[in-house]
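Undergrad: Got a structure here, written out as C-alpha cells. Questions coming.
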Amino acid sequence: KAGVTQTPRYLIKTRGQQVTLSCSPISGHRSVSWYQQTPGQGLQFLFEYFSETQRNKGNFPGRFSGRQFSNSRSEMNVSTLELGDSALYLCASSLGTGTGELFFGEGSRLTVL
Amino acid sequence: GENVEQHPSTLSVQEGDSAVIKCTYSDSASNYFPWYKQELGKGPQLIIDIRSNVGEKKDQRIAVTLNKTAKHFSLHITETQPEDSAVYFCAATTNQGGKLIFGQGTELSVKP
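Residue numbers (the numbering used here), protein chains in the order written: chain S, 20 to 132; chain H, 62 to 173.
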C-alpha cells in the first residue's frame with residue numbers, strides 16, 4: 020500500500036510569491052491534515068479536510084489556504100510569502116472517522132529568500 | 062489554550078539503557094495521546110498511542126503510561142538500540158480528527 024505522497028519535496032521561493040503544495044493520501048483515507056514544522060515552533064496544525072470540506076483550522080493567517088478534491092488529494096497554498104514561512108510542510112492522512120492514527124508524508128521543504 | 066509540554070528536549074543514553082520522555086497536557090478533555098518518531102529527512106511515524114480509558118499500553122520495548130488526574134503521559138523505551146536515535150514527539154487531541162497538539166520534541170541519542 021503506497022504511503023502519503025507529497026510534492027514537491029523541496030522548493031525555493033522569494034518573498035511576495037505564492038506556492039502550492041500537493042498531497043496524495045493513502046488509498047481509502049478521506050481525511051488530510053496539514054502541519055507546519057519549524058525549529059522554533061515545532062509542529063503546528065494548519066487545517067484538516069474531510070470529504071472536500073474544511074473540518075478544522077489552526078491559528079494561521081488567511082494567506083494559508085487549502086482544498087481537497089473528490090479523490091481526497093489535497094493542496095495547500097501560501098500567498099504573499101514571508102521569510103518566516105520557511106518550514107517543512109507535512110501532510111497527514113487518516114480514515115477520518117473518529118480520532119485515529121495519522122500517517123505522515125515526508126514533507127515539502129519550503130525556503131523563502 | 063491547548064498546550065502540550067514535553068521534557069527533556071535532549072536525551073542521551075547508552076545502548077541497553079532505558080529512556081523516558083514525559084509530557085503534560087493542558088486540556089482535560091484530551092482523550093487520545095499518540096507518540097511519533099521522526100528520523101532525519103522523514104515525516105513523523107506513529108510508534109504507540111493510548112486512549113484516555115487506558116492507563117498503560119505496551120508494545121515490545123515501548124510502553125506508554127497515562128495519568129489523567131495529573132494530565133501527564135510518558136513514553137518508556139527499554140533496552141535502547143542505536144536505531145532508536147531520533148526525535149520523539151508526544152501529542153494530544155480531543156476527538157478533533159486530524160488536529161493534534163504536539164509537544165516540542167525530544168532528541169534521543171543512543172550511544173553504542
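Glycine included, C-beta positions come from ideal geometry on N, C-alpha and C.
Remember, it's a predicted structure, so these values are computed and weren't measured experimentally.
Identify every run of the beta strand (DSSP E) within the segment 68-111 of chain H, keeping only runs that are complete inside it and at least 3 residues long; order them along the chain.
TA: The qualifying runs are 71-75, 80-86 and 93-99.
Undergrad: Spatial neighbours of S:Gln87 within its chain, please: C-beta separation below 7 Å, excluding the five flanking residues on both sides.
TA: Translated into the one-based positions of the first sequence, residue 87 of chain S becomes position 68. Same-chain partners within the cutoff: Val51, Tyr68, Glu71 and Ser93.
Undergrad: For H:Asn114, list the residues DSSP reports as bridge partners.
TA: Along the second sequence, read from residue 1 onward, the residue named residue 114 of chain H stands at position 53. Per DSSP, none; premise fails for H:Asn114.
Undergrad: Look at the Cβ atom of H:Lys98, then the Cβ atom of H:Ile108, and state whether they are nearer than 8 Å.
TA: Reading the second sequence from its first residue, position 37 is the one you call residue 98 of chain H. Reading the second sequence from its first residue, position 47 is the one you call residue 108 of chain H. In this structure, H:Ile108 lies closer than 8 Å to H:Lys98 by Cβ.
Undergrad: Thinking C-beta only, is S:Leu109 closer than 8 Å to S:Phe122?
TA: Locating residue 122 of chain S in the first sequence gives position 103, where the first residue counts as 1. Locating residue 109 of chain S in the first sequence gives position 90, where the first residue counts as 1. It is not a contact, given that the beta carbons lie outside the stated cut-off.
Undergrad: Should H:Lys103 be flagged as near chain S, meaning a C-beta pair shorter than 8 Å?
TA: Mapped onto the second sequence, residue 103 of chain H falls at position 42. For H:Lys103, the answer is yes, since a Cβ of chain S falls inside 8 Å of its Cβ.
Undergrad: Taking DSSP as the reference, what is the three-state secondary structure of S:Gly119?
TA: Taking the first sequence and counting its residues from 1, the one referred to as residue 119 of chain S is at position 100. Coil.
Undergrad: Are the C-beta of H:Lys132 and some C-beta of chain S separated by less than 8 Å?
TA: Stepping through the second sequence from its first residue, residue 132 of chain H is reached at position 71. By this cut-off, H:Lys132 is not an interface position.
Undergrad: Could you give the C-beta distance for S:Arg82 and S:Thr99, rounded to a whole number, given that I count them as a contact under 8 Å?
TA: For the purposes of this step, residue 82 of chain S is taken as residue 63 along the first sequence, with counting starting at 1. For the purposes of this step, residue 99 of chain S is taken as residue 80 along the first sequence, with counting starting at 1. Going by Cβ atoms, the distance from S:Arg82 to S:Thr99 rounds to 6 Å, so yes, they are a contact pair.
Undergrad: How would you list, in chain order, the residues of chain H whose beta-carbon sits under 9 Å from the beta-carbon of S:Ala111?
TA: Position 92 of the first sequence, counting from 1, holds the residue named residue 111 of chain S. Gly104, Pro105, Gly159 and Leu161, listed in chain order.
Undergrad: What residue from S:Ile45, S:Gly61 and S:Gly126 has the CA that sits closest to H:Gly166's CA?
TA: Within the second sequence, numbered from 1, the residue matching residue 166 of chain H stands at position 105. It is S:Gly61.
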